[in-house]
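All remarks here apply to the structure that follows.
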Amino acid sequence: MHPGLWREIWILAGIAVASLFFGALTGRPFLIAAFGFGFYIAWTLRYLRLLHRWLLDRRAGDIPEAGGLWGEVFDEIRKLVKQASRRQDQLSGMLTRFQKAASAMPDAVVVLSQDDDIEWANRSAAKLLGIRYPRDVGVRLPNLMREPDFADYLQRGEYAETLEITSPEYRDVHVSIQITPFGSSQKLVIGRDVTRITRLEQMRRHFVANVSHELRTPLTVLGGYVETLRQMDEIKMKDLKKHLDIMHEQSGRMQRLVADLLTLSKLETAAPPAQDETVDVTKLLESLKEQAELLSGEQRHRITVETDHSLGLHGSREELTSAFSNLINNAVRYTPAGGAIRLIWHAVGDNAEFTVSDTGEGIAARHIPYLTERFYRVDTARSRASGGTGLGLSIVKHVLLRHDAKLEIESEVGRGSTFRCIFPEHRVMRS
Ligand code: ADP
């Protein structure tokens with residue numbers, strides 16, 4: 051038996067013996083015993099009252115001191131309370147850390163009660179789902195997120211699949227929602243910003259549709275001519291030549307398209323151009339001028355080159371040739387016969403600029419921001435008639451990006467255009 055308990059038994063036995071002794075002396079043993087045990091009960095009740103009072107208002111202070119077996123009971127309770135408060139501190143520390151981590155998450159996190167009332171939400175929930183904590187605590191989530199698709203999803207109770215919605219706060223933000231039930235029918239709503247992925251997916255779909263469309267026309271023409279030739283029993287040489295010319299033109303168009311697509315894909319996937327290769331821009335422009343004169347042919351554009359011989363470029367010769375020739379070819383193709391085309395390579399401050407100016411048809415201001423998008427053309431028929439694929443300026447943009455350079459376009463309808471490639475100081479070599 052516990053020593054404390056033995057002591058209490060000894061006290062009770064002592065009271066009994068003392069009562070018997072004094073009872074024998076006074077002739078009132080019961081009265082003496084009643085006093086003795088009454089005193090013991092009062093002493094015990096005092097500690098019981100202290101304990102009761104402390105239990106009712108624990109915040110008022112520490113558990114009181116006591117003697118005897120009660121003292122031991124109080125000591126044990128004190129230990130338990132200390133342990134519990136330590137565990138509580140640990141738990142609340144963990145909860146605070148968890149809330150801080152969840153608050154800092156880029157994904158929206160919302161905790162819902164059994165009745166779909168908002169209990170807690172992190173910061174991202176405001177931007178992605180329009181839910182603000184603590185303002186919206188206690189509000190039913192379907193009252194804030196009123197999209198019918200979302201209400202269905204929440205009610206259905208099957209959350210294996212995610213749901214995509216647009217953010218109620220910003221219409222151009224796409225959010226993928228996933229609900230996870232936990233505890234006693236509570237729910238955790240997680241919203242992830244998928245705007246970039248959605249946009250990429252859209253771009254991919256447009257791109258495939260555009261490429262298919264671009265290939266379909268020449269393929270249809272080619273197929274038509276092959277079929278016609280197959281059905282002819284005899285054919286005059288003159289007609290055959292005419293047919294073959296058209297077939298040649300269409301296959302050339304497909305070849306140019308595939309070549310441009312391959313160039314673009316290489317630019318997107320290849321490692322950045324080495325800095326140690328040096329391109330002699332003056333020499334490059336002289337050879338591109340010759341090619342442009344060939345392309346101009348009978349149209350006899352006046353093509354001039356003004357270059358600073360002392361300036362070179364660190365970068366890929368192949369890529370820069372592709373970008374510059376695209377700009378020069380465009381100038382030839384979109385400038386009427388006899389027009390002037392100026393190719394300028396010079397230093398501007400610490401930078402160096404390659405500029406192509408023409409006196410061609412020009413471009414309306416509203417088209418300029420979109421010119422470097424794939425397959426964007428101001429006049430599709432005009433572009434195709436001159437052998438365009440709609441990818442030239444996309445290639446230019448990619449090459450310049452890979453050389454830390456930027457493209458500036460100025461144009462005026464009916465007066466001409468200027469395409470400026472600006473290379474930063476670290477790409478420029480001065481001799
Ligand atoms: P394309 O193969 O159609 O020329 P690009 O990407 O090279 O494709 O150019 C996109 C569009 O920009 C062209 O279709 C054309 O409308 C316009 N453009 C490009 N360069 C010029 C220029 N020098 N003058 C007028 N329009 C131009």
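Residue numbers (the working numbering): 51 to 481.
Beta carbons are placed, not taken as given, at the ideal position from N, Cα and C, and that holds for glycine.
### Query
So, Arg427 versus Asp408, is the Cβ gap smaller than 9 Å?
no
### Task
Report the three-state DSSP secondary structure of Gly442 (helix, strand or coil).
helix
### Message
I want to check one thing, is the minimum distance from the CB of Thr267 to the heavy atoms of the ligand ADP below 8 Å?
### Response
no
#### Entry: Integer Cβ distance of Ile229 from Val239, believed to fall under 8 Å
5 Å
### Query
In chain order, what residues of the same chain lie with their CB nearer than 6 Å to the CB of Ala116, ignoring the 5 residues before and after it?
Tyr97, Phe124
### Task
Please state whether DSSP places Pro268 in a helix, a strand or coil.
helix
### Close beta carbons around Ala415, own chain, < 8 Å, minus the five adjacent residues each side
Ser461
### Query
Looking at the structure shown, is Ser433 part of a helix, part of a strand, or coil, going by DSSP?
helix
### Task
Tell me where the beta strand (DSSP E) around Gln236 begins and ends.
236-243
### Query
So Ser174 packs on Gln236, CB below 8 Å; how close in whole Å?
In fact, because the Cβ distance is near 20 Å, the residues do not count as touching under 8 Å.
#### Entry: Short Cβ contact (9 Å threshold) for Leu377 with Arg477
no
### Message
Considering only heavy atoms of the ligand ADP, does any lie closer than 8 Å to the CB of Phe404?
### Response
no
### Message
By the three-class DSSP mapping on this structure, what secondary structure does Asp167 have?
### Response
strand
#### Entry: Residue environment, Ile285, which counts as buried when at least 16 other CB atoms sit within 10 Å
exposed
### Message
Extract the residue ranges of the beta strand (DSSP E) inside the region 337-409, only unbroken runs of 3 or more that lie entirely within it.
### Response
352-357, 361-364, 390-398, 401-408
### Cutoff 7 Å; reference Asp22; Cβ partners in own chain excluding five residues on either side
Residue 22 falls outside the range modelled here, since the chain spans only 51 to 481, and no answer is possible.
### Query
Unbroken alpha helix (DSSP H) runs of length 4 or more, entirely within the region 53-137: which are they?
53-76, 79-106
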